[in-house]
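*Asks:* First the structure, which I've put down as structure tokens, then a few questions once you've had a look.
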Amino acid sequence: MARKRRLHPITNRAGLIAALAGAALILGMLGAWAEQPAASGTPQEQVKRAIALFEKGSYQQAVDACTQAIAADAKLAQAYTIRGWSYQRLGKFDSAISDCTQAVTLDPAQARAYVVRGAVCQSTGKPDDAKHDFDLAIASASKVLESAPQDVEALNSRGMAYRLKGDLDLAIANYTQALAVDSQSAESYFNRGTAYAEKGSLDQSLSDFSSAITLNLQYAQALLRRGNVYRGKRDLDRAIADFSQAMVINPQFTEAYTLRGGAYVDKQDFEHAFADLNRAIELDPESADGYLKRGAAYNRKHDYDLAISDCDRAVALDPQSAAAFHQRANAYFNKSDFDRAIADYNRSIELDPKDAVTYLDRGDAHRRKSEFDPAIADYTQAITLDPKFAQAFRCRGMAHCRKNEWEPGIADYTQALSMDPKNAGLYFDRGFARFNFKQDQWDGGVEDLSQAIAIEPKFARAYAERARILCLAGKFEQAVADANQALALDPAQAVAYDIRASIFRAKGGKTQAKADLESTVAAAAQVLAQDPKNAEIYHFRALAYIDLGKADLALADLAQAIAVDPCYAPAYWARALYYQGTRKYKEARADYEKCVEIDPTGLVGTFATEALKKLGNKGK
Numbered sequence: 021m022a023r024k025r026r027l028h029p030i031t032n033r034a035g036l037i038a039a040l041a042g043a044a045l046i047l048g049m050l051g052a053w054a055e056q057p058a059a060s061g062t063p064q065e066q067v068k069r070a071i072a073l074f075e076k077g078s079y080q081q082a083v084d085a086c087t088q089a090i091a092a093d094a095k096l097a098q099a100y101t102i103r104g105w106s107y108q109r110l111g112k113f114d115s116a117i118s119d120c121t122q123a124v125t126l127d128p129a130q131a132r133a134y135v136v137r138g139a140v141c142q143s144t145g146k147p148d149d150a151k152h153d154f155d156l157a158i159a160s161a162s163k164v165l166e167s168a169p170q171d172v173e174a175l176n177s178r179g180m181a182y183r184l185k186g187d188l189d190l191a192i193a194n195y196t197q198a199l200a201v202d203s204q205s206a207e208s209y210f211n212r213g214t215a216y217a218e219k220g221s222l223d224q225s226l227s228d229f230s231s232a233i234t235l236n237l238q239y240a241q242a243l244l245r246r247g248n249v250y251r252g253k254r255d256l257d258r259a260i261a262d263f264s265q266a267m268v269i270n271p272q273f274t275e276a277y278t279l280r281g282g283a284y285v286d287k288q289d290f291e292h293a294f295a296d297l298n299r300a301i302e303l304d305p306e307s308a309d310g311y312l313k314r315g316a317a318y319n320r321k322h323d324y325d326l327a328i329s330d331c332d333r334a335v336a337l338d339p340q341s342a343a344a345f346h347q348r349a350n351a352y353f354n355k356s357d358f359d360r361a362i363a364d365y366n367r368s369i370e371l372d373p374k375d376a377v378t379y380l381d382r383g384d385a386h387r388r389k390s391e392f393d394p395a396i397a398d399y400t401q402a403i404t405l406d407p408k409f410a411q412a413f414r415c416r417g418m419a420h421c422r423k424n425e426w427e428p429g430i431a432d433y434t435q436a437l438s439m440d441p442k443n444a445g446l447y448f449d450r451g452f453a454r455f456n457f458k459q460d461q462w463d464g465g466v467e468d469l470s471q472a473i474a475i476e477p478k479f480a481r482a483y484a485e486r487a488r489i490l491c492l493a494g495k496f497e498q499a500v501a502d503a504n505q506a507l508a509l510d511p512a513q514a515v516a517y518d519i520r521a522s523i524f525r526a527k528g529g530k531t532q533a534k535a536d537l538e539s540t541v542a543a544a545a546q547v548l549a550q551d552p553k554n555a556e557i558y559h560f561r562a563l564a565y566i567d568l569g570k571a572d573l574a575l576a577d578l579a580q581a582i583a584v585d586p587c588y589a590p591a592y593w594a595r596a597l598y599y600q601g602t603r604k605y606k607e608a609r610a611d612y613e614k615c616v617e618i619d620p621t622g623l624v625g626t627f628a629t630e631a632l633k634k635l636g637n638k639g640k
């Protein structure tokens, strides 16, 4: 079954938090600095003010406060670190690196500066430099903790470095230790909540973010993170409420507008969504993220050209944005421009080679081009990166089945179902594969299709496919009942008309059969108007044309089915049967042999092998 494009290249609930992790990288350390005593008007006081501004999302004002502090004390390492991070949030990466490097130069033992610089490197596609800085941060913080084991700042710094390296359990352990020292540290709760979210422990994440907000009612960043967790849990009203509260704290908070806009998109409330996304761009017209998020919204609204235009702008503003290339690729995919989609997916993977979703989406583009081996390779890489990625197993199963490799396809569907046991589409896919694999798998196919219907009672295609198996098994009454139900749910189910016509014809109901065959043709035309590359529908219309005595139209449809999908064995099988019936044995033999070649272990290939034996020497 077809898969809808995503709003963002994020596959899971935790990913919604991870996508925003950049804003959270330093906040735990900022809180520790803010607690240090400072005389009013001193450079230290300016740093403290900058911290509060940063937490509210007022990044430019934070830069200004740090600049004042540095003007008064050019050796204040903390001011350079906070200003560097604020620059990063503003997309001024060179300035960010410069300030963080200056902070480390002034105080090589400051773990916080290494964390910030590493975070900037990570966000700008320099993973080796980032890892080096995170290792330095861990070493520096550990050295501090040897002599001061209750240093909350060092514990948060080390936890942050571990989190950014992907070791979430060690990160959580450090934040928990920090909270044991200071249970009133809002920033420690914030940091631990972020780590829990990335780990997928969303309830624990919500609890920690709520604690952070209770301790600091002006903590706009924590409201954003909690709102994003709610969004991941599909609790959109609560998400919108949190994003709105962050705007009350800071009416100029660009991220709050982009996030609330995204939540409105999830609700299909495009009027409010675009109002927020447009406002975000007004507030920060040089932010690639604003255009990226609006482009994603246009994608969801099916305005693909506008999506591409916004993504073009995002790429121009930030050529290192893997997400921008990914989102533009999604728009090209939706326009069926698969070559451009693949080119953009390639660039996205170059910039972020560890994003499983990009491999999944590129695999889909290859699959739509009938390039099944590259598709399978991409799905396999997605699974390597995320072994619990059910959709990657499903799509790899689809690619195997499109190659008529039914056994590995069924195995992939089974693996996906072990992770997503309530997915009606997966049961449909496996049931369809079982039907096409071997006749002794038909009972299993009926069971799978029945399970799909139990989960989704209005699943018209599942009724139609179950009707097909029941018809071939000679259970005509059940087959007709299923075909009727399929058509009641979806009058465009061509396969259901064809099955019912076959049963009527077998029982001598010529008038009813003819009516259903004509309905098959009409329904197929409807589907093909929307999906002109649907090989299966050409095949079913061809069968109807054959029974209606319109052989030329039937052969044209079968040729089109084969042109659309050269691996679609049923089209060769149907044409072979027609040729054999009209004594064109050479042509029949060629099509039977093609069935065996492309589907050697499947049902059609097995039937074709038997047909060739019966054909004997005819057509040689």
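For this note's numbering, add 20 to where a residue sits in the sequence shown, where the first one is 1. Glycine included, C-beta positions come from ideal geometry on N, C-alpha and C. All figures in this text were calculated on a predicted structure; none of them were measured in a lab.
(1) Taking the CB atoms as reference points, tell me whether Gln-170 and Val-201 lie closer together than 8 Å.
(2) Taking Ala-363 as the reference, which of Phe-448, Ala-317, Asp-381, Gln-64 has the closest Cα?
(3) By a C-beta neighbour count over all protein chains shown, 10 Å radius and 16 as the cutoff for buried, is Leu-371 buried or exposed?
(4) The alpha helix (DSSP H) with Cys-615 in it runs from where to where?
(5) Pairs of beta-carbons, one from the region 129-145 and one from the region 153-162, closer than 8 Å: are there three or more?
(6) With Gly-281 as the anchor, note down where its alpha helix (DSSP H) starts and where it stops.
(7) By the 10 Å Cβ neighbour count, where 16 or more other Cβ atoms means buried, how is Asn-248 classified, buried or exposed?
(8) Residue range of the alpha helix (DSSP H) that Gly-104 falls in?
(9) Going along the chain, which residues of its own chain have a beta-carbon closer than 6 Å to the beta-carbon of Ala-242, five neighbours each way excluded?
(10) Please work out which residues of its chain come closer than 6 Å, Cβ to Cβ, to Gly-42, disregarding the five sequence neighbours upstream and downstream, and give them in chain order.
(11) Taking the alpha helix (DSSP H) that Asn-211 belongs to, which residues open and close that run?
(12) Which stretch, first to last residue, makes up the alpha helix (DSSP H) that contains Thr-404?
(13) Consider the C-beta atom of Ser-356 and the heavy atoms of the ligand ATP; say whether any pair is separated by less than 7 Å.
(14) Can you give me the start and stop residues for the alpha helix (DSSP H) that Asp-502 sits inside?
(15) Which value, in whole angstroms, describes the spacing of the CA atoms of Lys-530 and Tyr-483?
(16) Quick one: residues in its chain with C-beta nearer than 6 Å to the C-beta of Leu-469, no 5 flanking neighbours on either side, listed in chain order?
(17) Please state the DSSP three-state secondary structure of Tyr-599.
(18) Distance check for Tyr-277 and Met-267, CA to CA, integer angstroms please.
(19) Relative to the C-alpha of Leu-635, which candidate in Phe-627, Arg-609, Leu-623 has its C-alpha closest?
(20) To the nearest angstrom, report how far apart Asp-518 and Gly-145 are at their CA atoms.
(21) Output yes or no for whether 8 Å exceeds the beta carbon distance between Cys-587 and Arg-422.
(22) Going by DSSP in three states, Phe-641 sits in which element: helix, strand or coil?
(23) By a C-beta neighbour count over all protein chains shown, 10 Å radius and 16 as the cutoff for buried, is Thr-621 buried or exposed?
(24) Excluding the 5 residues flanking Glu-476 on each side, which residues of the same chain have their C-beta closer than 6 Å to its C-beta?
(25) Give me the residue from Pro-271, Glu-302, Pro-305, Arg-246 with the minimum Cα distance to Ala-283.
(26) Under a Cβ-count criterion, where at least 16 other Cβ atoms within 10 Å of its own Cβ denotes burial, should Leu-623 be classed as buried or exposed?
(27) Whole angstroms are fine: how far does the CA of Phe-524 sit from the CA of Asn-456?
(28) In the structure shown, what three-state DSSP assignment does His-322 receive?
(29) Going by DSSP in three states, Lys-534 sits in which element: helix, strand or coil?
(30) So, with DSSP's three-state summary, where would you put Arg-551?
(31) Using the rule of at least 16 other Cβ atoms within 10 Å of the residue's Cβ for burial, across every protein chain shown, is Ala-97 buried or exposed?
(32) In whole angstroms, what is the alpha-carbon distance linking Ala-317 and Phe-273?
(33) For Lys-287 and Gly-281, I'd like the C-alpha separation in whole angstroms.
(34) For the pair the region 344-358 and the region 114-123, tell me if three or more CB-CB distances fall below 8 Å.
(35) Out of Ala-549, Leu-490, Ala-544, which one is the CA nearest neighbour of Ser-522?
(36) Verify whether the separation of the beta carbon atoms of Val-584 and Arg-561 is less than 8 Å.
*Replies:* In terms of the structure at hand:
(1) Counting from 1 along the sequence shown, the entry for residue 170 is found at position 150. Counting from 1 along the sequence shown, the entry for residue 201 is found at position 181. Contact: yes.
(2) Within the sequence shown, residue 363 is the residue found at index 343, counting from 1. With distances taken between Cα atoms, Ala-363 lies closest to Asp-381.
(3) Taking the sequence shown and counting its residues from 1, the one referred to as residue 371 is at position 351. Classification for Leu-371: buried.
(4) For this step, residue 615 is matched to residue 595 along the sequence shown. Looking at the DSSP string, the run of the alpha helix (DSSP H) that includes Cys-615 is 605-618.
(5) Output reads yes: the region 153-162 touches the region 129-145.
(6) Counting from 1 along the sequence shown, the entry for residue 281 is found at position 261. That run of the alpha helix (DSSP H) goes 274-286.
(7) Here residue 248 is taken as the residue at index 228 of the sequence shown, counted from 1. Looking at its Cβ environment, which holds 16 or more other Cβ atoms inside 10 Å, Asn-248 is buried.
(8) The residue labelled residue 104 in the question sits at position 84 within the sequence shown. That run of the alpha helix (DSSP H) goes 97-109.
(9) Against the sequence shown, residue 242 aligns to sequence position 222. Contacts found: Phe-210, Phe-229, Ala-232, Ile-233.
(10) As a position in the sequence shown, residue 42 is number 22, starting the count at 1. Because the pLDDT of Gly-42 is 42, which lies under 50, any placement of that residue in the model is unreliable, and the number read from its coordinates should be weighed accordingly. Ser-143.
(11) As a working mapping, residue 211 is identified with position 191 in the sequence shown. From DSSP, the alpha helix (DSSP H) with Asn-211 extends over 206-219.
(12) Position 384 of the sequence shown, counted from the first residue, corresponds to residue 404. Start and end: 392-405.
(13) This structure does not include the ligand ATP; it has no bound ligands of any sort.
(14) The residue you call residue 502 lines up with position 482 of the sequence shown. Element bounds for Asp-502: 496-509.
(15) Numbered from 1 along the sequence shown, position 510 holds the residue referred to as residue 530. Numbered from 1 along the sequence shown, position 463 holds the residue referred to as residue 483. Whole-angstrom Cα-Cα distance: 24 Å.
(16) One-based indexing of the sequence shown puts residue 469 at position 449. Gly-451, Ala-482, Glu-485, Arg-486, listed in sequence order.
(17) For the purposes of this step, residue 599 is taken as the residue at position 579 of the sequence shown. Here Tyr-599 sits in helix by DSSP.
(18) Taking the first residue of the sequence shown as position 1, residue 267 is located at position 247. Taking the first residue of the sequence shown as position 1, residue 277 is located at position 257. Those two C-alpha atoms are separated by around 8 Å.
(19) Within the sequence shown, residue 635 is the residue found at index 615, counting from 1. Leu-635 has its Cα closest to that of Arg-609, out of Phe-627, Arg-609, Leu-623.
(20) The sequence position of residue 518 within the sequence shown is 498, counting from 1. The sequence position of residue 145 within the sequence shown is 125, counting from 1. Approximately 55 Å, taken between the alpha carbons.
(21) Counted from its first residue, the sequence shown places residue 587 at position 567. Counted from its first residue, the sequence shown places residue 422 at position 402. Yes, Cβ-Cβ distance for Cys-587 and Arg-422 is below 8 Å.
(22) Lying outside 21 to 640, the shown extent of the chain, residue 641 is not represented and no answer is given.
(23) As a first step, residue 621 is located in the sequence shown; it is residue number 601 there, counting from the start. It is exposed - the Cβ of Thr-621 has fewer than 16 other Cβ atoms within 10 Å.
(24) Taking the first residue of the sequence shown as position 1, residue 476 is located at position 456. Closer than 6 Å at Cβ, skipping near neighbours: Ala-444.
(25) Here residue 283 refers to the residue found at position 263 of the sequence shown. Of Pro-271, Glu-302, Pro-305, Arg-246, the residue nearest in Cα terms is Arg-246.
(26) Taking the first residue of the sequence shown as position 1, residue 623 is located at position 603. Leu-623 comes out buried.
(27) Looking up residue 456 in the sequence shown gives position 436. Looking up residue 524 in the sequence shown gives position 504. If I take the Cα positions, the gap works out to 24 Å.
(28) Stepping through the sequence shown from its first residue, residue 322 is reached at position 302. Correct three-state label for His-322: coil.
(29) As a working mapping, residue 534 is identified with position 514 in the sequence shown. In the structure shown, Lys-534 sits in a helix (DSSP, three-state: H, G or I).
(30) Position 531 of the sequence shown, counting from 1, holds the residue named residue 551. For the record, residue 551 in the displayed sequence is Asp; it is not Arg. It is coil, neither helix nor strand.
(31) On the sequence shown, residue 97 is found 77 positions in, with the first residue counted as 1. Answer is buried; the Cβ neighbour count reaches 16.
(32) In the sequence shown, residue 317 corresponds to position 297, counting from 1. In the sequence shown, residue 273 corresponds to position 253, counting from 1. Rounded to whole angstroms, Ala-317 to Phe-273 spans 19 Å at the Cα level.
(33) Taking the first residue of the sequence shown as position 1, residue 287 is located at position 267. Taking the first residue of the sequence shown as position 1, residue 281 is located at position 261. Spanning the two alpha carbons is a distance of roughly 10 Å.
(34) Judged by Cβ distances under 8 Å, the region 344-358 makes no contact with the region 114-123, as fewer than three pairs qualify.
(35) Looking up residue 522 in the sequence shown gives position 502. For Ser-522, the nearest C-alpha among the options comes from Leu-490.
(36) Position 564 of the sequence shown, counting from 1, holds the residue named residue 584. Position 541 of the sequence shown, counting from 1, holds the residue named residue 561. Cβ atoms of Val-584 and Arg-561: not closer than 8 Å.
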